[in-house]
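Quick notes on the structure that follows.
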Amino acid sequence: MSVYITSSGHYLPGEPVDNEQIEAVLGLVHGKPSRLKRRILQSNGIRQRHYAIDAEHNTLISNDEMAARAGQACLDDSFLSKSRLEMLSVATSQGDLVLPGFGSMVQAELGVAGVELHSSHGICSSSMMALKAAYTGLKAGEHDNALVIASELASRLFKASRYEAVAQEVDFNAEFLRWMLSDGAGALLLESVPRRRSFRIDWIRGFSHADAYPVCMSVGRAVGDARSWQDFATYAEAEAAGALLIRQDVRLLDNIVKLGVDGLLRLIDEGRVETGRIDHVLCHYSSHYFRGKIFDMLTQAGAAIPEEKWYTNLYTRGNTGCASMFIMLDEFRRTQSYQTGDTILCMVPESGRFNNVYMQLTVVEE
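Quick note: the sequence shown uses my numbering, first residue 2, plus one each step.
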């Protein structure tokens, strides 16, 4: 049985925030402008992004509300009513609540009844894991349709007050992601039959390297302390130790390019990918810094895909974590030129502990 992406949607909160406005929203730490911001922004190339908090650090819309709005936008563009939805598969790095699962909260906010529910937790690749769960459910004949939603609300972690609560000076790894991540949600509708011009999912394949590499991106540990944030006597002690800051071990980051390219070469060896037949590439690279490195490694390996075939909206929508690929795919579907029979390669590398997921789509007509 074939599975098709028949509709898509996304939601981005508030007005776009440019590079000069970021600290006006997130706040100055101890009243001082960042010495690292300009350097990191020059490297990542992001010119604007969206935040779900305001300059007074009020949360204007919750994560589950953003997810529901993206899901509703997707359904509004489809031929399927909410009452006929059979499965809801949802992903995020962090829900509004620790418990229950994010999928339950989104289902309630979206107002759909009687669906099979799946929640996927992780970082960037969690959206693709949620998509794979829905895709396999349709392939197995369990369902005829599924709504897949990925949503991120990272900005609450980046309020100046979070950094001011830490007893010691904030390190580079803790500040790095403050200038990288932003908020948004994306959604895809899967069906067992095509509608209008659709994307047939040819395959989805992931390779995790958690057995071989240490944690690169995390929340929940302080520097030099193996304890979980839950092992501290109080939450206040965990916060003062810096265990609640989101960190990126930048020394490990170049592995994301190497492992991402290695995974693609493995798919070529398996016969899943023929680079000469790829018409479009959608890659969730988190920073412009990685783009040239990816091209160089693919060229050296004899697997280059011409740069004009690559599409991204990173620079105008920001890095929205697990929602990035769905938002990108929705904008590609609505704004780019493609033809029946075109092949689309999607790649989502994740630096949490290096999990990379790939997907191939083919454009088909109803």
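Where is the CB? At the ideal position from N, CA and C, for every residue including glycine.
- Collapsing the DSSP output to three states places Cys-323 in a helix.
- Gly-187 and Leu-81 have their alpha carbons spaced roughly 17 Å apart.
- Ile-150 is a Cβ neighbour of Ala-71, given a cutoff of 7 Å.
- Bounds of any beta strand (DSSP E) do not take in Asn-314, whose DSSP letter is neither H nor E.
- Excluding the 5 residues flanking it on each side, Ser-183 has same chain C-beta neighbours closer than 7 Å at Arg-50, His-51, Tyr-52, Ala-155, Ser-156, Gly-319, Asn-320 and Thr-321, in chain order.
- With the rule of 3 Cβ pairs closer than 8 Å, the stretch 164–172 does not count as touching the stretch 106–124.
- By the neighbour-count criterion, in which 16 or more other beta carbons inside 10 Å mark a residue as buried, Gly-185 falls on the buried side.
- Counting the other Cβ atoms within 10 Å of the Cβ of Leu-37 gives fewer than 16, which makes it exposed.
- Under the Cβ criterion (8 Å, minimum of three pairs), the stretch 304–314 counts as touching the stretch 274–282.
- Taking every protein chain shown into account, the CB of Asp-212 has fewer than 16 other CB atoms within 10 angstroms, so this residue is exposed.
- For Ser-121, the three-state secondary structure derived from DSSP is strand.
- Assigned with DSSP and collapsed to three states, Asp-263 falls in helix.
- Bounds of any beta strand (DSSP E) do not take in Val-251, whose DSSP letter is neither H nor E.
- In the three-state reduction of the DSSP assignment, Ala-166 falls in the coil class, being assigned neither a helical nor a strand state.
- Apart from the 5 residues on each side of it in sequence, Lys-83 sits with its Cβ closer than 8 Å to the Cβ of Leu-76, Leu-111, Gly-112 and Val-113 in its chain, given in chain order.
- Following the DSSP letters along the chain, one finds Ser-128 inside the alpha helix (DSSP H) bounded by residues 127–140.
- Between Thr-93 and Ser-152, the gap from beta carbon to beta carbon is short of 7 Å.
- In the same chain as Ser-219, and ignoring 5 residues on each side of it, the C-beta atoms closer than 8 Å to its own belong to Ile-247, Arg-248 and Gly-353, in chain order.
- Listed in chain order, the non-local C-beta contacts of Gly-142 below 8 Å within the same chain comprise Met-2, local neighbours out to five positions each way being set aside.
- If you ignore the 5 residues before and after Pro-350, its C-beta comes within less than 6 Å of the C-beta of Ile-257, Gly-261 and Asn-357, all in its own chain and listed in chain order.
- With fewer than 16 other CB atoms across the displayed protein chains lying within 10 angstroms of its CB, Pro-215 is exposed.
- Comparing alpha-carbon positions, the option among Asn-20, His-11 and Gln-108 lying closest to Ala-74 turns out to be His-11.
- Leaving aside the five residues that flank Thr-276 on each side, the residues in its chain whose CB is nearer than 6 Å to its CB run, in chain order, Ala-304 and Ile-306.
- The beta carbon of Phe-177 lies closer than 7 Å to those of Ile-41, Gln-249 and Val-251 in the same chain, with the five residues before and after it left out.
- Distance between Cys-217 and Ala-175, taken at the CA atoms: about 12 Å.
- In this chain, the beta strand (DSSP E) harbouring Val-365 covers 356–366.
- For Gly-293, the enclosing alpha helix (DSSP H) starts and ends at 289–301.
- Scanning Arg-335, Arg-196, Glu-66 and Arg-85 for the CA closest to the CA of Leu-13 turns up Glu-66.
- Cα atoms of Leu-148 and Lys-33: separation of roughly 44 Å, rounded to the nearest angstrom.
- By a beta-carbon distance limit of 8 Å, Val-4 contacts Leu-191. Their separation comes to about 6 Å.
- About 11 Å separates the beta carbons of Ala-244 and Ala-168, which is beyond the 8 Å limit, so they are not a contact pair.
- With a cutoff of 7 Å on beta-carbon distance, Ser-128 and Met-298 are scored as not near each other.
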